[in-house]
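In my numbering, the protein residues as written are 110 to 509.
(1) Check whether the stretch 460-468 touches the stretch 144-155, counting contact only when three or more Cβ pairs, one atom from each stretch, lie closer than 8 angstroms.
(2) Do residue 135 and residue 475 count as a contact pair if the criterion is CB distance below 9 angstroms?
(3) Taking the beta strand (DSSP E) that residue 169 belongs to, which residues open and close that run?
(4) CB residue 407 to CB residue 437, shorter than 9 angstroms?
(5) Tell me, which residues are paired with residue 112 by DSSP?
(6) Quick check: what's the CA-CA separation for residue 469 versus residue 448?
(7) Short check: CB of residue 420 to CB of residue 454, under 9 angstroms?
(8) So, with DSSP's three-state summary, where would you put residue 224?
(9) Taking the alpha carbon of residue 353 as the point to measure from, which residue in 270, 487, 473 has its own alpha carbon closest?
(10) Determine, using beta carbons only, whether residue 487 and residue 422 come nearer to each other than 9 angstroms.
(11) Note down, in chain order, each residue of its chain lying with its Cβ closer than 8 angstroms to the Cβ of residue 393, except the 5 sequence neighbours on either side.
(12) Label residue 244 either buried or exposed according to how many other C-beta atoms from any shown protein chain fall within 10 Å of its C-beta, with 16 as the threshold for buried.
(13) Mapping DSSP to helix, strand and coil, what is residue 497?
(14) By DSSP's criteria, residue 132 is part of a beta bridge. Which residues make up the other side?
(15) Are the stretch 220-234 and the stretch 362-369 in contact at 8 angstroms, needing three or more beta carbon pairs?
(16) Residue 418 and residue 349 - do their beta-carbons sit closer together than 9 angstroms?
(17) What does a CB cutoff of less than 7 angstroms around residue 283 pick up in its chain, not counting 5 residues either side in sequence?
(18) Name, in chain order, the residues that DSSP records as bridge partners for residue 266.
(19) Check whether chain B comes within 9 angstroms of residue 469, counting only Cβ atoms and requiring the distance to be less than that.
(20) Express the C-alpha separation of residue 294 and residue 205 in angstroms, rounding to a whole number.
(21) Could you pull out every residue in the same chain whose Cβ sits closer than 7 angstroms to the Cβ of residue 310, ignoring the five residues on either side in sequence?
(22) May I have the straight-line CA-CA distance separating residue 237 from residue 467, to the nearest angstrom?
(23) Output needed for residue 175: all residues of its chain with C-beta closer than 7 angstroms, excluding positions within five of it in sequence on either side, in chain order.
(24) Could you tell me the distance, in whole angstroms, from the CA atom of residue 75 to the CA atom of residue 177?
(25) Give every residue of the same chain whose Cβ lies closer than 6 angstroms to the Cβ of residue 520, excluding the five residues on either side of it in the sequence, and list them in chain order.
(26) Quick one: residues in its chain with C-beta nearer than 6 angstroms to the C-beta of residue 264, no 5 flanking neighbours on either side, listed in chain order?
(27) Which residues share a DSSP beta bridge with residue 349?
(28) I believe residue 395 touches residue 152 by the beta-carbon criterion, under 8 angstroms. Please report the beta-carbon distance rounded to the nearest angstrom.
(29) Let me know the secondary structure DSSP gives residue 329 once reduced to three states.
(30) So residue 329 and residue 391 are supposed to be a Cβ contact under 8 angstroms. How far apart are they, rounded?
(31) Grouping DSSP H, G and I as helix and E and B as strand, with all else coil, what is residue 155?
(32) What is the DSSP secondary structure of residue 198, reduced to helix, strand or coil?
(33) Is the beta carbon of residue 215 closer than 9 angstroms to that of residue 248?
(34) Whole angstroms is fine: what's the gap from residue 141's alpha carbon to residue 358's?
(35) Identify whether residue 310 lies in helix, strand or coil by the three-state DSSP scheme.
(36) Could you please give me the residues that DSSP links to residue 288 through a beta bridge?
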């Protein structure tokens, strides 16, 4: 039977009926260890009781009123984000792509408000992924996402990651901002050198350019800090957030200093659903958990343990795994075999992992995983590697 859904996803022949903590229960009757977390979205796992309570209580009161009126829970969530980051102001959206659209518009409007409307171009970095809208695919610059949707939106220039000289050469009098993920996700869990990020900050300061961090995948505790920029010694002017901030409920945000947001006055931007009472209730519940004393320290410790076990996995299976990347609970395995084969082999062992660029497999478990969950993940990934090695041996000429 042909599906009525638009065929833009290559969906696995698997669906789930419920989840609990780091576990998913498939309609096939099997239980799966979820090390994908809905692509870093289910930060607190599945059916977290505090999130369920917040959502159901709000759902019984008010779902939507629009931004024509005050939304007190939104004011509260914005204030908590301001208190725990560099930012002075917050704009709520429904997704990461919308958060990035807000960041792009804000950077352009900043220069327009300052009397420099010619400064509209934004420099991004090869391997980046910033979303699927026309502007954000242009920002990402990857041909596979842009092809067929031309002409490419004007105003974006890409340079190689960690290449300071190429970056300096790309800056012109039309440059408005630099936009970067402090740890690339879709691009293959590629780490950005902290020294390079510090150079970006210095360049922005000397050239009057804004610095935008895309923390859609790295934010809300994923790396062991509330946001990854806290590890770098660098503070952005604008930051986009999504995924984990809603714990599974659609929610994004664009955070900024008041100076960077100087052009965003009443009527310059908006959203119908962004910041609705349901999303705000869940967002506050997520922060209740993530900002609780000791929570982020535990994430950091779990990240170190996971990295150690993945290094052990690489040593045991060098014909399958070439490199371990990432930090915190945002880890990547660059594989020798096609990463799609690894994802399938892992799924056969009832563990969910996610493919990425550069032939990488991402491990993005919920932040609430235990040491025992990490050991179980190791055992299942070990079995997946062994199965692939056995298949490779069987396929060799002369194999029995």
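Here a beta-carbon is modelled for each residue, glycine too, at the ideal position from N, C-alpha and C.
Let's see:
(1) yes
(2) Position 366 of the chain shown, counted from the first residue, corresponds to residue 475. Position 26 of the chain shown, counted from the first residue, corresponds to residue 135. No, Cβ-Cβ distance for residue 475 and residue 135 is not below 9 angstroms.
(3) For the purposes of this step, residue 169 is taken as residue 60 along the chain shown, with counting starting at 1. Where residue 169 is concerned, there is no enclosing beta strand (DSSP E), given that its DSSP letter is neither H nor E.
(4) Numbered from 1 along the chain shown, position 298 holds the residue referred to as residue 407. Numbered from 1 along the chain shown, position 328 holds the residue referred to as residue 437. Not closer than 9 angstroms, so no.
(5) Sequence index remark: in the chain shown, residue 112 carries index 3 (1-based). Its beta-bridge partners do not exist; DSSP assigns none.
(6) Counted from its first residue, the chain shown places residue 469 at position 360. Counted from its first residue, the chain shown places residue 448 at position 339. Answer to the nearest angstrom: the Cα atoms are 6 angstroms apart.
(7) Your numbering for residue 420 matches position 311 in the chain shown. Your numbering for residue 454 matches position 345 in the chain shown. It is not a contact, given that the beta carbons lie outside the stated cut-off.
(8) Reading the chain shown from its first residue, position 115 is the one you call residue 224. Correct three-state label for residue 224: coil.
(9) In the chain shown, residue 353 corresponds to position 244, counting from 1. Ranking the options by Cα distance to residue 353, first place goes to 473.
(10) Residue numbering aside, residue 487 sits at position 378 when the chain shown is read from its first letter. Residue numbering aside, residue 422 sits at position 313 when the chain shown is read from its first letter. Yes, these two residues count as a Cβ contact at 9 angstroms.
(11) Sequence index remark: in the chain shown, residue 393 carries index 284 (1-based). If we look at residue 393 and ignore the five residues flanking it on each side, its Cβ neighbours are 163, 182, 185, 186, 189.
(12) On the chain shown, residue 244 is found 135 positions in, with the first residue counted as 1. It is buried - the Cβ of residue 244 has at least 16 other Cβ atoms within 10 Å.
(13) Reading the chain shown from its first residue, position 388 is the one you call residue 497. Helix, per DSSP.
(14) Residue 132 sits at position 23 when you count from the first residue of the chain shown. DSSP lists 129, 142 as partners of residue 132.
(15) no
(16) What you label residue 349 is simply residue 240 of the chain shown in a count that begins at 1. What you label residue 418 is simply residue 309 of the chain shown in a count that begins at 1. No, the pair does not count as a contact, with Cβ atoms beyond the cut-off.
(17) In the chain shown, counting from the first residue as 1, residue 283 sits at position 174. Once the five neighbours on either side are set aside, the close Cβ partners of residue 283 are 227, 228, 229, 230.
(18) By one-based count along the chain shown, residue 266 stands at place 157. The partner list for residue 266 (beta bridge, DSSP) reads 232.
(19) Absent here is chain B; the protein component of the structure consists of one chain.
(20) The residue you call residue 205 lines up with position 96 of the chain shown. The residue you call residue 294 lines up with position 185 of the chain shown. Using only the alpha carbons, I get a separation of about 13 angstroms.
(21) Locating residue 310 in the chain shown gives position 201, where the first residue counts as 1. Taken in chain order, the residues that qualify are 320, 343.
(22) Position 128 of the chain shown, counting from 1, holds the residue named residue 237. Position 358 of the chain shown, counting from 1, holds the residue named residue 467. Roughly 12 angstroms separates the two Cα atoms.
(23) By one-based count along the chain shown, residue 175 stands at place 66. The residues are 381.
(24) Past the boundaries of the shown model lies residue 75; the chain is included only from 110 to 509, so the question cannot be answered.
(25) Residue numbering for the chain in the displayed model covers 110 to 509; residue 520 lies beyond these limits and cannot be assessed.
(26) Position 155 of the chain shown holds residue 264. 229, 230, listed in sequence order.
(27) Here residue 349 refers to the residue found at position 240 of the chain shown. Beta-bridge pairing links residue 349 to 323, 363.
(28) For the purposes of this step, residue 395 is taken as residue 286 along the chain shown, with counting starting at 1. For the purposes of this step, residue 152 is taken as residue 43 along the chain shown, with counting starting at 1. Contact between residue 395 and residue 152 holds: their C-beta atoms lie close to 7 angstroms from each other, under 8 angstroms.
(29) Taking the chain shown and counting its residues from 1, the one referred to as residue 329 is at position 220. If DSSP states are grouped into helix, strand and coil, residue 329 belongs with coil.
(30) In the chain shown, counting from the first residue as 1, residue 329 sits at position 220. In the chain shown, counting from the first residue as 1, residue 391 sits at position 282. At roughly 12 angstroms, the Cβ-Cβ gap does not stay under 8 angstroms, so residue 329 and residue 391 are not in contact.
(31) Start at 1 with the first residue of the chain shown, and residue 155 comes out as number 46. The answer is strand: DSSP assigns residue 155 an E or B state.
(32) Position 89 of the chain shown holds residue 198. Strand.
(33) Against the chain shown, residue 248 aligns to sequence position 139. Against the chain shown, residue 215 aligns to sequence position 106. Contact: no.
(34) By one-based count along the chain shown, residue 141 stands at place 32. By one-based count along the chain shown, residue 358 stands at place 249. The straight-line gap from Cα to Cα measures roughly 21 angstroms.
(35) Taking the chain shown and counting its residues from 1, one reaches residue 310 at position 201. It is helical.
(36) Position 179 of the chain shown, counted from the first residue, corresponds to residue 288. 321, per the DSSP bridge assignment.
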